[in-house]
Structure formats: C-alpha cells, structure tokens
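**Student:** This is the structure, below, for whatever I ask next.
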Amino acid sequence: MTAPAPHDQFTPRGGRARVDKTNGAVLPKSDVSAAVGFAGLLGLFAWIMVCRNWPEITATLGLGGPQQRLDGPYAALLGIIASALPMVLWSVLVDKVHRNPSTGIDWAHPKPLSAVIDVSVVKIAGLWATFAILAGMFMLARWYWQGQYLFAMEVFGALAIPLVLLSVPYILWLDRVMVQPKDASWHFGAMLLRRDAFAPDMVTKHWRAWIIKAFFGAFMVSILPGGFQAVINADPMQVLGEPVVFAAMLLGLMFVIDVQIGTVGYLLTLRPLDAHIRSGNPLLAGWVAALMCYPPFVFAFMGGEGSLAGGLGVIAYEVNTPGWGYWLGGSATLLWIWCAWLAILTAIYAWATLAFGIRFSNLTYRGVLTNGPYRFTRHPAYLSKNAFWWFGTMPFLVSSGSMTDMVRNTVFLGLVSGIYYWRARTEEAHLLAEDTKYADYHAWMEEHGIITGRLRKLTRLISARLGSANGAPAG
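In numbering that gives the first Met the number 0, the protein residues as written are 0 to 474.
Here's what the structure looks like:
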C-alpha cells in the first residue's frame, strides 16, 4: 500500500482544494449529496405507513388478499425496494451520478459489441465462478443454516438464477461503455480460463469486494424481518406512559432505518450509479477488528450462546446489568431524559447510515463522505453506538452487588470501545492511501471536528504552557 504524500501536496479529486488560510486544511465536497439518504427515508416511511394501514387500504379499495397488517419478512424485503428506488432516482435524475468520471464510464462513445465480447465472456466466466464459490461457502458455513440466517439463505437462493441470467446482458451492455472494461472481475476470469495475462493483485481486489458483499449482505438481510415486524405492529399511544417501552419502540424504528438503508448499500454496488466498490480494506487488522463485531465471531468475544463456558463471550460486558430502566426506575423524569438521550444517540447512528445513501458498506472505499454527521466527526456511527452502550447498559452498576462484575463489565465494555477505535483507525489508513480527498477531509477534521478539534486545541495549549515554563528563567 502506497503511503500518502504530505497534506500540503493534496488536491481533492474533481476540483481545486478550498484552502482554509489558517491551517491549510480543506473540507472537500462530499461524493454523496445530503438528500439521497433522505429520499430513501421518505420511501421507507411511505412503505411503513402502507404496511401499517393495509387493512384500511384493502377495505377502502375493496381489495382481496390479506386483511391484516403487512408485517412479514417479504414486506420487509419490499421495504428495501421502497428505500432504494427514490435514492436511485434522485442519484440519477438530480445528482446525475452516472456522469461522474469516477464511474469509469464514457456514455458518449459506446464500443461495438464485437470489440468487447471477448472481454465480456471472460468477465462473465469470472462472475459465475464467483457465484458458485460463494454458494459453496454459504453451504459449508453451519451458522447460515440456523436461526435468522435461514431467511437470508432463502432470499439468496431465490436470487441466484435471476442474477446469473441477468449478469449476461448487464455485462455486455456495461462493457460497451466502460473506459477500461478489464476490471477485477475480468482478471479473476482470466486467471481461471488462462486466456490472458492477469494481475494477482486485481484478483485479490475482486475477492475482497465479493467477500464483503456476501458476508455483510447475508447478515443485513437476516436481521430485516424482526425489526420491521416490530415497527409495523408498534402502538405508540399505548406506551406513552412507559418511557422504557417507548424508548425500545423508538430505538427499534431507528435501527430499522439503519438496516433497511444499509442493506440497500450492499445490494446496489453498481458502477452506473457510481456506487461500485473501488477497493476493500487491504489491512488484515481492519478485517479482524470488523469481523469481531459480527456473527458468528461476535459471540466468541462479546457474548451470546455457543461462545465459551457459561454461554458468555471473552469480553461479555452485560453480566448482571439490568440497565438504565432498572436503575432510573424510581424517577419518571430521569427515565424520560434518558429515553430522549438514547433516542438522540440512535438517531445519530441511523443518520450516519442515511448519509451514505446507496453507498453504505463496511471495509470499503466507495467515495468520500463529508456531509451529514460526518461534517462534525469522522466516525459518528461508532461514537454514537458506543455512547449508547455506556449510557444504556451502565456496566458499572450490577444487580449482583459484586465488585468483580462491576470491574469486569466496565473494563470489557472499554475493550469493546477500543475495538471500535481500532476499526476507525484501520478505516482511516485505508482511505488515506486511496484518495487525496479523504486526506483533505481528515486534515480539516483534525482542526474542526467536535472531538479532534478540541483535543488539538488542548494539546496546543498544554504544549505552549510547557514550552513557556521550560523557557522561563530560573528564579
């Protein structure tokens, strides 16, 4: 991986840097407009309202079929379409992302099919082989065939044949307008067919992207139905007097927003939408830190069944912790304050996903985001999520009265927060090596971020005072 040049040599892609004369830092324009995610949110809310009011809709229109709320897993899947369609339309019709140079597409000069057919055949072979290998990996991994993952496997199985068939016209069409059609998929196909010279690093790049899409895509699809069903059947009026239950309902809605929009990001990695994966994180540390936070690996570290003795992970931090609702139960005022605070943290978390629009995914570089909550801090999702855990779990308060439990829980949640700090640093290292625009954003945030900016000022103040003290004459 090539180390980035010093910051003062950077110019963001796509235009001149806007320099802050005080320190040379710039805040580049975001590669994703602020409106894209909110278009998806409106589409999702519209679908939720349809599902919640389906009995009334069918009665009014005299429709047949189910007369109850649409709270099943397939309604949750349709929520993905309801979220994705407005985002795609906004991206194409308003932001015109398909015209971005970063797509690698030249719409004005399509090549004849005869000029690209050989490349396309190799690419299709590589893509079909990728599908087959991923299917084999899913078959071998036992955890995909139990619990919530069964739904994801059902969905992937239903999509398999359509994806194989549609990949042919899609690739033939796309290769005609791509400036360089020999992408990572082509290199993998060339390796398999031994027809042309291939670059091993491009084959590795191909597999990084597809493993990310398969692993995280399956997880996201698997958790769609439960949260969606809860949101469709929630009744806010019945729980207005119960802050803990009301908070659970509100937080559930925020997480549904996060999951629905996030799932769209994994499914729409399409070059014509400028949403393709430019690269997966090449750092092993980045993969380790990320995978520790997701099934099945998370169970061995942070808790859950089947991990270690007693069903607890190595750093499980919720042992004998009844949480905020228990400890604040004696004060309705405190309960509502805590409810509001946790809702704000979860809203920031959901907003951090919304800001990506159709480009959300872990361990990937798909452009640089500088608006939404990323205008205030580089890692709003990690900060809000970890703050939520600390304020919601209260690991230092245990019902067992055991000092050991208190210390263990607090230390272990601290380690979990440390893992997220580790994830953040590896993500930054990846993006700094990929795009000069991110380096400008990183430098700007060092000076102006809510946390980093204040830390930088504090460091300067301390350094200035120490320097003044060291330079003062002896009395």
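Glycine included, every Cβ here is placed at the ideal spot set by N, Cα and C. Bear in mind that the values here come from a model prediction, so they are computed numbers and not experimental data.
#1: Give the list of continuous beta strand (DSSP E) stretches no shorter than 3 residues that lie fully inside the segment 34 to 95.
#2: My assumption, with CB atoms under 8 Å, is that Met86 sits in contact with Gly356. Please give the rounded CB distance.
#3: Would you kindly check if the distance between the Cβ of Ser32 and the Cβ of Leu272 is under 8 Å?
#4: Measuring only the C-alpha atoms, how far is Gly452 from Met444?
#5: Straight-line CA distance for Leu465 to Leu282?
#6: Closest Cβ-Cβ distance between Gln147 and chain B: below 8 Å?
#7: Take the Cβ of Trp106 as the centre, count every other Cβ of all protein chains shown within 10 Å, and call the residue buried at 16 or more, exposed below.
#8: Would Trp326 and Met393 be called neighbours here (beta carbons separated by less than 8 Å)?
#9: Using 8 Å for Cβ pairs, my map puts Pro242 next to Trp335. What's the rounded Cβ distance?
#10: Ignore the nearest five residues each way along the sequence and tell me which others in Thr129's own chain have a CB closer than 6 Å to its CB.
#11: What distance in whole Å lies between the Cβ atoms of Ser29 and Ile369, which are believed to be in contact at a cut-off of 8 Å?
#12: Does Thr345 come out as helix, strand or coil in the three-state DSSP assignment?
#13: Quick one: measure Cβ to Cβ for Tyr419 and Leu430, integer angstroms, because I've assumed they're closer than 8 Å.
#14: So, helix, strand or coil for Thr403, using DSSP?
#15: Only counting the same chain, and skipping five residues up and downstream in sequence, which positions put a Cβ closer than 6 Å to that of Tyr143?
#16: Figure out for me which residue from Arg365, Val263, Gly125 and Met402 has the closest Cα to the Cα of Val163.
#17: Once DSSP output is grouped into helix, strand and coil, what is the label at Ile104?
#18: May I ask which residues mark the beginning and end of the alpha helix (DSSP H) holding Asn232?
#19: Return the Cβ separation of Asn319 and Asp404 in integer angstroms, given the expectation that the two are a contact with Cβ distance under 8 Å.
#20: In its own chain, which residues sit with a C-beta less than 7 Å from the C-beta of Trp185, not counting the 5 before and 5 after it?
#21: Per DSSP, what kind of secondary structure is Tyr293 in: helix, strand or coil?
#22: Grab me the residues of Arg68's own chain with a C-beta within less than 7 Å of its C-beta, minus the 5 sequence neighbours each way, in chain order.
#23: Would you kindly check if the distance between the Cβ of Tyr364 and the Cβ of Ala423 is under 8 Å?
#24: Anyone know if the C-beta pair for Gly261 and Thr332 falls short of 8 Å?
#25: Helix or strand or just coil, what does DSSP make of Gly279?
#26: Report buried or exposed for Lys456, applying the criterion of at least 16 other Cβ atoms within 10 angstroms of its Cβ.
#27: Using three-state DSSP, classify Thr451 as helix, strand or coil.
#28: If we count the other Cβ atoms within 10 Å of its Cβ and call it buried at 16 or more, is Lys95 buried or exposed?
#29: Residues in its own chain within less than 7 Å of Phe411 by CB, not counting five upstream and five downstream?
#30: Quick check: what's the CA-CA separation for Trp337 versus Pro379?
#31: Could you check which residue in Thr376, Gly366, Gly322 and Ser330 has the C-alpha nearest to that of Tyr348?
**Tutor:** Working from what's here:
#1: Look at the segment 34 to 95 and you find no whole run of beta strand (DSSP E) that is 3 residues long or longer.
#2: 5 Å
#3: no
#4: 7 Å
#5: In this structure, the CA atom of Leu465 is about 38 Å from the CA atom of Leu282.
#6: This model lacks chain B altogether, as it is built from one protein chain only.
#7: exposed
#8: yes
#9: 5 Å
#10: Trp209
#11: The residue you asked about is not Ile; residue 369 is Thr in the sequence shown. Going by Cβ atoms, the distance from Thr369 to Ser29 rounds to 4 Å, so yes, they are a contact pair.
#12: helix
#13: 16 Å between Cβ atoms; not a contact.
#14: helix
#15: Phe137 and Met152
#16: Gly125
#17: If DSSP states are grouped into helix, strand and coil, Ile104 belongs with the strands.
#18: Counting along the chain, the alpha helix (DSSP H) containing Asn232 begins and ends at Leu223 to Asn232.
#19: About 5 Å separates the CB atoms of Asn319 and Asp404; that is less than 8 Å, so the two are in contact.
#20: Val118, Val121, Lys122 and Gly125
#21: coil
#22: Cys50, Arg51, Trp53, Pro54, Ile231 and Asn232
#23: no
#24: no
#25: If DSSP states are grouped into helix, strand and coil, Gly279 belongs with the strands.
#26: exposed
#27: helix
#28: exposed
#29: Ile314, Ala315 and Tyr316
#30: Looking at the two C-alpha atoms, the distance is approximately 20 Å.
#31: Of the candidates Thr376, Gly366, Gly322 and Ser330, the one whose C-alpha sits nearest the C-alpha of Tyr348 is Thr376.
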